[in-house]
Amino acid sequence: MAVSLTNFLDSGCIVASSLALTAWAAAFNFGSAWTAILGAIGANAFGAAVGALIGGFLTDKFGRTTIYKYNLLVYAAGVFIAMVAVNLPMVVVGVVLSGLSVGAGVPASWSYISETSTSTKRASNIGISQFAWSCGPAIIFILSLVMSFIIPGFESDGTTLLPAGTYGPFDGMLATRLLFLVLFIVALIAWNLQRQLQESADWAEKNAAATEKQSFGKMMATALKNPVNVKTIIFLVAVYLTWNLAAGTNGQFMPYLYAAAGNIDATGQSLLGVVQWVLVAVCSLAIFSRFGDIVSHRVLFGASALLALLSWVAIAVFGLAIQSGDTESMGWVLWVYVILWGISAGFSAQCFYALWGTELFPTQYRGGAQGIMFFLVRGALGIWSLVGVGAIMGDISTNPAGFFPAAVIMCVVLLISLVVGVIWCPKTQGKTLDQITEERYGKIE
């Protein structure tokens, strides 16, 4: 559970930042360009991409637990700066620091969970970590929902109070600071727990047995010359990068889209978020953790990918269908989207990526390979965040129809993820990591 808190902080940071975008934009007077940039440089995209590349190297070179001694202190510093931000530069620094930390912790946490699990509990434990990941947004949205009823907003002059729960241009600044305060406190608790963890026995054994201590660059260069590794990276990127474009859009921009295109107030945004992420959390435990070691991975992956695709088909075909900014006016299509995506995300491509990304590579460069893939995945999301919000969608507050082409693109990438994952699903269920490695690579000294 100590390691799984990394996932909680990852998703919590993404959603807290997304909820803060509207408040930050009003308070610090920036528009869609900076909205896109902030979505691209943080935990959802470029920040996490660069952090994963660094973290992957460190976790293979110095061990899985070494990163836990320092990483969350960087995260805590980032969310603290975001919490007390009084201008746009402070927001940028806070978002970048927390994003780097989120990325750096991913290869270490997934490798550690997989290496310390038995062959019959690996998917179950990954499912628990995904439960923690989904609890981040669920808790953040619940807190935001509660605060939308009790914390007043402000008129555009920044001083005239509005009734609590009323949507206004400055609505959410105090709530934003409180959300980041929660993440700051949890980060310090998680850091204290994680720095006491014992090293992965699998990594320690392989590291001690290595006859030649290669540099990380040489090790990864050798790994990338292996056709098995190249095919694996292509497969995992095809499955996860495509799905993550849709997931990243959901996590970082949907609250902003609800407000800008649909004029949904803070209460409505939070209510949608609570329902969706509670479903993700429940399905992580009830489906992936419960059946991930028992039911065929091809069946589970296919069912999840199909539900995810259908959720975006509903958005693309029927549109946001919202006319006013109160919860009673939310179109049925939003509920279809939220329910379908929420269920699918509980046993989604991210769950399988976390599982397969640790199973399909040898211990010696497991973290580094994950770092490279995560860099590609989150980097692509960063580019999409900039291009999607700017060039494709435009200013959706004045042209809600601008979201339609983005929704069509989401349908296409989710279809790719579905087809690739179902056809080339790995057969690793019930096998130890050493068995999988030997089957794929032979004996590795």
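Heads up: take any position in the sequence shown, counting from 1, add 1, and you land on our numbering.
From the three backbone atoms N, C-alpha and C, an ideal C-beta is built for every residue, glycine too.
As the structure is a computational prediction, the values presented were derived from the model and not from experiment.
Backbone secondary structure at aspartate 294 - three-state DSSP:
Start at 1 with the first residue of the sequence shown, and residue 294 comes out as number 293. In the structure shown, aspartate 294 sits in coil (DSSP, three-state: anything other than H, G, I, E or B).
### Cβ-based neighbour list, glycine 431, same chain, cut-off 8 Å, excluding 5 preceding and 5 following
Translated into the one-based positions of the sequence shown, residue 431 becomes position 430. Taken in chain order, the residues that qualify are Ser120, Thr121 and Asp294.
Checklist entry - Thinking C-beta only, is serine 271 closer than 8 Å to serine 125? => result Along the sequence shown, read from residue 1 onward, the residue named residue 125 stands at position 124. Along the sequence shown, read from residue 1 onward, the residue named residue 271 stands at position 270. Contact: no.
* Asked: Considering only residues of the same chain and omitting the five flanking positions on each side of phenylalanine 31, which have a CB-CB separation below 8 Å?
  -> In the sequence shown, counting from the first residue as 1, residue 31 sits at position 30. Cβ within range, chain order: Trp25 and Leu89.
For isoleucine 235, is the classification buried or exposed, using 16 other Cβ atoms within 10 angstroms of its Cβ as the cut-off for buried?
-> To locate residue 235, count along the sequence shown from 1; it is residue 234. Its Cβ having fewer than 16 others within 10 Å, isoleucine 235 is exposed.
Can you grab the Cα-Cα spacing for the pair isoleucine 114 / leucine 311, in whole Å?
For this step, residue 114 is matched to residue 113 along the sequence shown. For this step, residue 311 is matched to residue 310 along the sequence shown. Those two C-alpha atoms are separated by around 31 Å.
Just to confirm, are serine 112 and tyrosine 76 a CB contact at a threshold of 8 Å? Counting from one through the sequence shown, the residue named residue 112 turns up at place 111. Counting from one through the sequence shown, the residue named residue 76 turns up at place 75. No; because the gap between Cβ atoms is not below 8 Å, this pair is not in contact.
Which stretch, first to last residue, makes up the alpha helix (DSSP H) that contains asparagine 88?
By one-based count along the sequence shown, residue 88 stands at place 87. No alpha helix (DSSP H) holds asparagine 88; DSSP gives it neither H nor E.
> Where does phenylalanine 447 land, buried or exposed, given buried means 16+ other C-beta within 10 angstroms?
Replying inline: No answer is possible for residue 447: the residues shown for the chain start at 2 and end at 446.
Check: Looking at C-alpha atoms only, which residue of Gly274, Trp313, Phe348 and Leu335 is the closest neighbour of valine 296?
Finding: Walking along the sequence shown from the start, residue 296 turns up at place 295. Out of Gly274, Trp313, Phe348 and Leu335, Phe348 has the C-alpha closest to the C-alpha of valine 296.
- Message: Taking the straight line between their C-alpha atoms, what separation do you get for glutamate 116 and methionine 411?
- Response: Counted from its first residue, the sequence shown places residue 116 at position 115. Counted from its first residue, the sequence shown places residue 411 at position 410. When rounded, the distance between both Cα atoms is 34 Å.
Going by beta-carbon coordinates alone, are phenylalanine 405 and alanine 317 separated by less than 8 Å?
As a working mapping, residue 405 is identified with position 404 in the sequence shown. As a working mapping, residue 317 is identified with position 316 in the sequence shown. Yes, Cβ-Cβ distance for phenylalanine 405 and alanine 317 is below 8 Å.
Check: Under a three-way DSSP split, which group does isoleucine 143 fall into?
Finding: One-based indexing of the sequence shown puts residue 143 at position 142. Correct three-state label for isoleucine 143: helix.
Output the distance between the C-alpha atoms of aspartate 17 and leucine 182, rounded to the nearest integer angstrom.
Here residue 17 refers to the residue found at position 16 when the sequence shown is read from its first residue. Here residue 182 refers to the residue found at position 181 when the sequence shown is read from its first residue. Checking the sequence, you will find alanine at residue 17 rather than aspartate. Approximately 10 Å, taken between the alpha carbons.
Quiz item: Where glutamine 195 and isoleucine 42 are concerned, what is the direct C-alpha to C-alpha distance, given to the nearest angstrom?
Solution: Looking up residue 195 in the sequence shown gives position 194. Looking up residue 42 in the sequence shown gives position 41. For glutamine 195 and isoleucine 42, the distance between alpha carbons rounds to 26 Å.
Jot down the residue ranges of each uninterrupted alpha helix (DSSP H) in the segment 272-319, minimum 4 residues, whole runs only, in chain order. 298-319
Would you mind sorting alanine 202 into buried or exposed? The rule is 16 or more other CB atoms within 10 Å of its CB. Here residue 202 refers to the residue found at position 201 when the sequence shown is read from its first residue. The residue is exposed, with fewer than 16 neighbouring Cβ atoms inside 10 Å.
- Nearest-angstrom Cα distance between cysteine 284 and glutamine 277? Stepping through the sequence shown from its first residue, residue 284 is reached at position 283. Stepping through the sequence shown from its first residue, residue 277 is reached at position 276. Approximately 11 Å, taken between the alpha carbons.
Q) Grouping DSSP H, G and I as helix and E and B as strand, with all else coil, what is valine 4? A) As a working note, residue 4 is residue 3 in the sequence shown. Coil at valine 4, not helix or strand.
Leaving out five residues before and five after glycine 13 in sequence, what residues of the same chain have Cβ atoms less than 6 Å from its Cβ?
As a first step, residue 13 must be located in the sequence shown, where it is residue number 12. Closer than 6 Å at Cβ, skipping near neighbours: Gly137, Ile141 and Leu184.
Do the segment 337-344 and the segment 2-9 touch if we need at least three Cβ pairs shorter than 8 Å? no
**Asked** How should tyrosine 366 be labelled, buried or exposed, when 16 other C-beta atoms within 10 angstroms of its C-beta is the threshold for buried?
**Response** Translated into the one-based positions of the sequence shown, residue 366 becomes position 365. Under this definition tyrosine 366 is a buried residue.
Check: Under the rule that 16 or more other beta-carbon atoms within 10 Å means buried, what is alanine 127, buried or exposed?
Finding: Position 126 of the sequence shown, counted from the first residue, corresponds to residue 127. With the sequence shown as reference, residue 127 is identified as isoleucine, and alanine is not the correct amino acid for it. Under this definition isoleucine 127 is a buried residue.
Subject >> Proximity test, Cβ basis, 8 Å: glutamine 199 and chain D >> reply: The displayed structure is made up of one protein chain only, and chain D is not part of it.
- Determine, using beta-carbon pairs with one atom in the segment 352-362 and one in the segment 50-70, whether at least three such pairs fall under 8 Å. no
- Query: Skipping 5 residues on each side, what residues in its chain have a beta carbon closer than 6 Å to that of phenylalanine 81?
  - Reply: Stepping through the sequence shown from its first residue, residue 81 is reached at position 80. The residues are Phe185.
**Message:** Here's the rule I'm using: 16 or more other beta-carbon atoms within 10 Å means buried, otherwise exposed. How should glutamine 436 be labelled?
**Reply:** In the sequence shown, counting from the first residue as 1, residue 436 sits at position 435. That one is exposed.
- Output the distance between the C-alpha atoms of methionine 148 and alanine 282, rounded to the nearest integer angstrom. Stepping through the sequence shown from its first residue, residue 148 is reached at position 147. Stepping through the sequence shown from its first residue, residue 282 is reached at position 281. Cα to Cα, the separation comes out at about 22 Å.
Item to complete: Thinking glycine 422 and valine 240 are a contact (beta carbons under 8 Å), I'd like their distance in whole angstroms, please.
Response: Residue mapping note: residue 422 aligns to position 421 of the sequence shown, counting from 1. Residue mapping note: residue 240 aligns to position 239 of the sequence shown, counting from 1. The pair is a contact, with the Cβ atoms about 5 Å apart (cut-off 8 Å).
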